[in-house]
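Trainee: Residue numbering for the sequence shown follows the numbering used here, beginning at 4 and increasing consecutively.
Don't be surprised by glycine CBs; every beta carbon is placed ideally from N, CA and C.
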Amino acid sequence: MLTQRRYAARQIRMHHVLSGALATIVLVGSLIAQTTPPDRSQPPSLGAAPTLKLPRIQHLKLSNGLPVVLLEKHEVPVVSLNLVVKGGSSLDPDKQSGLAALTASMMTEGAGKLDALQLADAIDYLGANVSVTAGFHTFSVSLFAPVARLDQALPLVADVALRPTFPTEELERKRMQLLTRLLQARDEPSSVASVLFNRTLYGATHPYGVSSFLDEATIRSFKVEDIRRLHSSVFFPNNATLIVVGAVKPETLLPKLESAFSAWKPGQPPAPAAGEAKQVPERAIFLVDKPGAPQSELRVGLIGAPRLTDDYFTLLTVNSILGGSFTSRLNSNLREKNGYSYGAGSSFGFRLWPGPFMIRTAVQTEVTDKAVTEILKELEAIRQPIAADELDRGKNYVALRFPARFQSVGEIADQLQELVTYGLPDSYFNDFVGRILAVTQADAQKAAQKYLDPGRIAIVVVGDRAKIEPGLRALNLGPVHIQSIDNVMGKAPALGQQSGN
Numbered sequence: 004m005l006t007q008r009r010y011a012a013r014q015i016r017m018h019h020v021l022s023g024a025l026a027t028i029v030l031v032g033s034l035i036a037q038t039t040p041p042d043r044s045q046p047p048s049l050g051a052a053p054t055l056k057l058p059r060i061q062h063l064k065l066s067n068g069l070p071v072v073l074l075e076k077h078e079v080p081v082v083s084l085n086l087v088v089k090g091g092s093s094l095d096p097d098k099q100s101g102l103a104a105l106t107a108s109m110m111t112e113g114a115g116k117l118d119a120l121q122l123a124d125a126i127d128y129l130g131a132n133v134s135v136t137a138g139f140h141t142f143s144v145s146l147f148a149p150v151a152r153l154d155q156a157l158p159l160v161a162d163v164a165l166r167p168t169f170p171t172e173e174l175e176r177k178r179m180q181l182l183t184r185l186l187q188a189r190d191e192p193s194s195v196a197s198v199l200f201n202r203t204l205y206g207a208t209h210p211y212g213v214s215s216f217l218d219e220a221t222i223r224s225f226k227v228e229d230i231r232r233l234h235s236s237v238f239f240p241n242n243a244t245l246i247v248v249g250a251v252k253p254e255t256l257l258p259k260l261e262s263a264f265s266a267w268k269p270g271q272p273p274a275p276a277a278g279e280a281k282q283v284p285e286r287a288i289f290l291v292d293k294p295g296a297p298q299s300e301l302r303v304g305l306i307g308a309p310r311l312t313d314d315y316f317t318l319l320t321v322n323s324i325l326g327g328s329f330t331s332r333l334n335s336n337l338r339e340k341n342g343y344s345y346g347a348g349s350s351f352g353f354r355l356w357p358g359p360f361m362i363r364t365a366v367q368t369e370v371t372d373k374a375v376t377e378i379l380k381e382l383e384a385i386r387q388p389i390a391a392d393e394l395d396r397g398k399n400y401v402a403l404r405f406p407a408r409f410q411s412v413g414e415i416a417d418q419l420q421e422l423v424t425y426g427l428p429d430s431y432f433n434d435f436v437g438r439i440l441a442v443t444q445a446d447a448q449k450a451a452q453k454y455l456d457p458g459r460i461a462i463v464v465v466g467d468r469a470k471i472e473p474g475l476r477a478l479n480l481g482p483v484h485i486q487s488i489d490n491v492m493g494k495a496p497a498l499g500q501q502s503g504n
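1. If you follow the alpha helix (DSSP H) that Q298 is in, where does it begin and where does it stop?
2. Comparing alpha-carbon positions, which option in L355, P309 and T364 lies nearest N2?
3. Rounded to a whole number of angstroms, what is the C-alpha to C-alpha distance between L478 and N242?
4. Give the DSSP bridge partners of T244, in chain order.
5. Between A451, L73 and K56, which has its C-alpha nearest E254's C-alpha?
6. CA-CA distance, N433 and K56?
7. Whole angstroms is fine: what's the gap from S108's alpha carbon to W267's?
8. For the candidate residues N341, G346 and S235, whose alpha-carbon lies nearest to that of G327?
9. Considering only the alpha carbon of each residue, which of V163, P294, A119 and E472 lies closest to D190?
10. On a CA-only basis, which of R231, Y425, E414 and E377 is nearest V353? Give me that one, please.
11. For the alpha helix (DSSP H) containing V195, list its first residue and its last residue.
12. So who's on the other strand from T364, going by DSSP bridges?
13. At which residues does the alpha helix (DSSP H) containing D127 begin and terminate?
14. Measuring CB atoms only, is the segment 437-452 touching the segment 390-399, in the sense that at least three cross pairs come out at less than 8 angstroms?
15. Between which two residues does the alpha helix (DSSP H) carrying G278 extend?
16. So, for L431: in the same chain, excluding its five sequence neighbours on each side, which residues have a beta-carbon less than 8 angstroms away from its beta-carbon?
17. Using a Cβ-Cβ cutoff of less than 7 angstroms, which residues in the same chain neighbour R408 once the five nearest sequence positions on both sides are dropped?
18. Are three or more beta carbon pairs between the segment 114-131 and the segment 83-101 nearer than 8 angstroms?
19. Which residues mark the beginning and the end of the beta strand (DSSP E) in which D292 is found?
20. Buried or exposed: which applies to Q298, given that a residue is buried once 16 or more other Cβ atoms fall within 10 Å of its Cβ?
21. What are the start and end residues of the beta strand (DSSP E) that includes H62?
22. Run through the DSSP bridge pairs and tell me what N132 is partnered with.
23. Are the beta-carbon atoms belonging to Y205 and F139 less than 8 angstroms from one another?
24. Three-state secondary structure (DSSP) at V465?
25. Let me make sure I understand the geometry here. Which of N132, N85, Y343 and E219 has the alpha-carbon closest to that of S143?
26. Determine the DSSP secondary structure at V483, reduced to helix, strand or coil.
27. Assign S344 to buried or exposed, taking buried as 16 or more other Cβ atoms, counted over all protein chains shown, within 10 Å of its Cβ.
28. Tell me which residues share the same chain as V366 and place their Cβ nearer than 6 angstroms to its Cβ, disregarding the 5 neighbours each side in the sequence.
29. Name the DSSP beta bridge partners of V375, please?
30. Over what stretch of residues does the alpha helix (DSSP H) that includes P258 continue unbroken?
31. Across the segment 445-457 and the segment 379-387, are there enough close Cβ pairs to call them in contact, namely three or more that are closer than 8 angstroms?
32. Taking the beta carbon of Q121 as the centre, do at least 16 other beta carbons fall within 10 Å, making it buried, or is it exposed?
33. Just confirm the distance between the C-beta atoms of V133 and L153, as a whole number of angstroms; I'd bet it's less than 8 angstroms.
34. Looking only at C-alpha atoms, which of S66, G481 and V150 sits nearest to V251?
35. Between D218 and K226, what straight-line distance do the alpha-carbon atoms span, to the nearest angstrom?
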C-alpha cells in the first residue's frame with residue numbers, strides 16, 4: 004500500500020511539472036509571437052564613448068639613475084612591473100636577424116644561481132609570472148606578483164634582467180625549436196605571405212623587412228657569445244625605464260627597488276640605428292607558387308606612418324572604417340557581399356619608424372583576381388569623402404574600445420610602456436577619446452590620400468600559380484614577379500644536423 008501511495012504521489016508531481024512546463028512554453032511562445040523581429044540589416048547603434056580618467060602617473064628615480072614610472076591601483080593586492088630597455092630587433096647584427104628575440108627567450112632559461120627549472124619553480128612558488136620579450140625597439144622584462152610576495156619576487160626578476168646565465172644546452176634546445184618552426188612555416192601560406200610582404204616593402208637588410216624571418220643558416224649561426232654581447236650592450240639603467248602598476252605606494256616601493264636594482268651600473272648603449280625606407284618603386288604583384296592550395300593568401304599594402312605622426316588619431320579612425328572592424332568596408336565587401344573570404348582586415352603597424360600598412364585576407368582560389376580588384380576598389384574609395392554618419396561610427400568604434408585596454412594592472416603597465424617608448428605626455432591616455440572624436444571628414448580624406456596610394460602598393464599572393472596567374476596578369480596592375488617557397492623561406496632545414504655554439 005505504501006509503495007502504491009508513493010507511486011501515485013510521484014505521478015501527481017510529474018503531472019504538475021509537465022503542466023507548468025507546458026504553460027511556460029505556451030507563454031514564451033506567445034511573447035515571441037508578439038515581439039517584432041529585430042532588424043539585422045543594420046548594425047546596432049553605438050552608445051556614447053566613455054571618458055577615461057587614469058590615476059596620476061608618478062615619476063621617480065633610483066640612486067643609479069633608473070627612471071621609475073608608478074601608477075597606484077589598490078583595488079586588488081597585486082603588482083605588475085615592466086622593465087623597458089631600449090634595443091630590440093632594430094639592433095640585430097647583419098645576417099643575424101632574430102638575435103634579439105632569441106636573447107629575450109633565453110633570459111628566463113637560467114639566471115643568478117638558478118638553472119631554468121629552479122628559476123621556474125621559484126617563480127611559481129610565489130604565485131608570480133616573469134617573462135621577457137623583444138620588440139622592434141625595446142626589450143621588456145615583466146613581472147606579475149601578489150604584493151605580499153613582492154620582496155621575494157624582485158630579486159628573481161632582477162636576476163633575469165641583469166644576470167641571465169644563457170646556458171649552452173638551453174640554446175641548443177631553442178635552436179631546435181626555431182628550426183622546427185621554420186619547417187612548419189614553409190607549409191603555412193599565411194607565414195610565407197607575411198615574410199615576403201615585409202621583405203618586399205623594406206628590403207632584405209632593414210629590421211622591419213627581416214626580423215620576422217630566420218632562415219636555417221641564421222639559426223645555426225647563433226652562439227652564446229652573440230647573445231651575451233647583445234645583452235651586455237643595452238642593459239643599462241640609463242637605457243631603461245621601470246614601470247610599476249599596482250597596490251603599492253612610493254614610500255614602501257622605492258626601498259625594495261633600490262635593494263633589487265641599485266647595484267646595476269650605467270653604461271654606454273649603442274646609438275640608435277637609422278631606419279628610413281623608401282616605398283616600392285611601382286605597383287607590382289609578387290606571386291608565390293603553392294601547387295594545390297585551396298585558397299590564395301593575400302597581403303596588400305605599402306609603407307605607412309610612424310607612431311608619432313600627427314595623423315595618428317585620424318589614421319586609427321580611417322582604418323577602423325576600411326578594415327579595422329568586422330563591419331568594415333573590406334570585410335563587408337569580401338565576406339558579406341561577395342562571399343570570397345571568411346574575413347578581411349587592415350592595419351597600420353605604428354612603430355618608431357614608418358611601419359607597414361597591410362590588408363590581409365585569404366580567398367577562394369577561383370576568385371583571387373576578383374578579390375584583388377575589390378580590394379583596390381576599396382582602397383580608392385576610402386580616399387574619397389567619408390559620409391558623416393560612417394565617420395561617426397568609425398570614431399565611436401575606436402573610442403569605445405579604448406578603455407578596455409586598462410582593466411588589469413598588467414594591461415595598464417603595457418599601455419604605459421607605449422607612453423615610455425615613444426615619449427608621449429602623461430595626459431595622452433586621458434586625452435585619447437577626445438582626440439579621436441575630434442577627427443573631421445577633411446582630416447580623414449587628407450590622411451587617406453596621403454598614406455593610401457593604390458598606385459604604389461605591393462600585392463603579395465601565395466596560391467596555386469597554374470590556376471591564378473592568368474587572372475592576375477589580366478588585371479594589368481603592373482609586373483608579376485614569380486617566386487617559389489624556397490626563394491622566400493630558404494631550403495627546408497635538416498633537423499638532424501648539429502650546430503656550433
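Mentor: Reading from the atomic positions:
1. Q298 -> not in any alpha helix (DSSP H); beta strand (DSSP E) instead, spanning Q298 to I306.
2. Any question about residue 2 goes unanswered here, given that the chain covers just 4 to 504.
3. Distance from the CA atom of L478 to the CA atom of N242, rounded to whole angstroms, is 51 angstroms.
4. According to DSSP, T244 bridges with V87.
5. Of the candidates A451, L73 and K56, the one whose C-alpha sits nearest the C-alpha of E254 is L73.
6. For N433 and K56, the distance between alpha carbons rounds to 5 angstroms.
7. Note on geometry: alpha-carbon atoms of S108 and W267 lie some 21 angstroms from one another.
8. Residue G346 is the option with its Cα nearest to G327.
9. Among V163, P294, A119 and E472, the Cα nearest to that of D190 is on P294.
10. Reading the sequence as shown, one finds Phe at residue 353 and not Val. Out of R231, Y425, E414 and E377, Y425 has the C-alpha closest to the C-alpha of F353.
11. V195 -> alpha helix (DSSP H) spans P192 to Y205.
12. Answer is L301 and A347.
13. For D127, the enclosing alpha helix (DSSP H) stretches over residues A119 to Y128.
14. Touching, yes, given that three or more Cβ pairs across the two stretches are closer than 8 angstroms.
15. Careful: G278 lies outside any alpha helix (DSSP H) and carries neither H nor E.
16. One detail in the question is off: residue 431 reads as Tyr in this sequence, not Leu. Hits under 8 angstroms: L422.
17. Same-chain partners within the cutoff: E414 and Q418.
18. Below 8 angstroms, too few C-beta pairs join the segment 114-131 and the segment 83-101 to call them touching: fewer than three.
19. In the DSSP annotation of this structure, the continuous segment of the beta strand (DSSP E) that includes D292 starts and ends at A287 to D292.
20. Per the 10 Å Cβ criterion, buried.
21. Element bounds for H62: Q61 to K64.
22. Looking at the DSSP assignment, N132 forms a beta bridge with F147.
23. A distance of 8 angstroms or more separates the beta carbons of Y205 and F139.
24. Residue state, collapsed to three classes: strand.
25. Of all alpha-carbon atoms in N132, N85, Y343 and E219, the one lying nearest the alpha-carbon of S143 is that of N85.
26. Shown here, V483 sits in a strand according to DSSP, grouped into three states.
27. With 16 or more other Cβ atoms within 10 Å, it is buried.
28. Result list for V366: S299, Y343, S344 and A374, in chain order.
29. BP columns for V375 are empty, so no partner.
30. First-last of the alpha helix (DSSP H) with P258: P253 to F264.
31. By the criterion of at least three beta-carbon pairs nearer than 8 angstroms, the segment 445-457 is in contact with the segment 379-387.
32. With fewer than 16 other Cβ atoms inside 10 Å of its own Cβ, Q121 counts as exposed.
33. Actually they are not in contact, since the Cβ atoms of V133 and L153 sit about 13 angstroms apart, beyond 8 angstroms.
34. Looking at the Cα atoms, V150 is the closest of the given residues.
35. Cα to Cα, D218 sits roughly 15 angstroms from K226.
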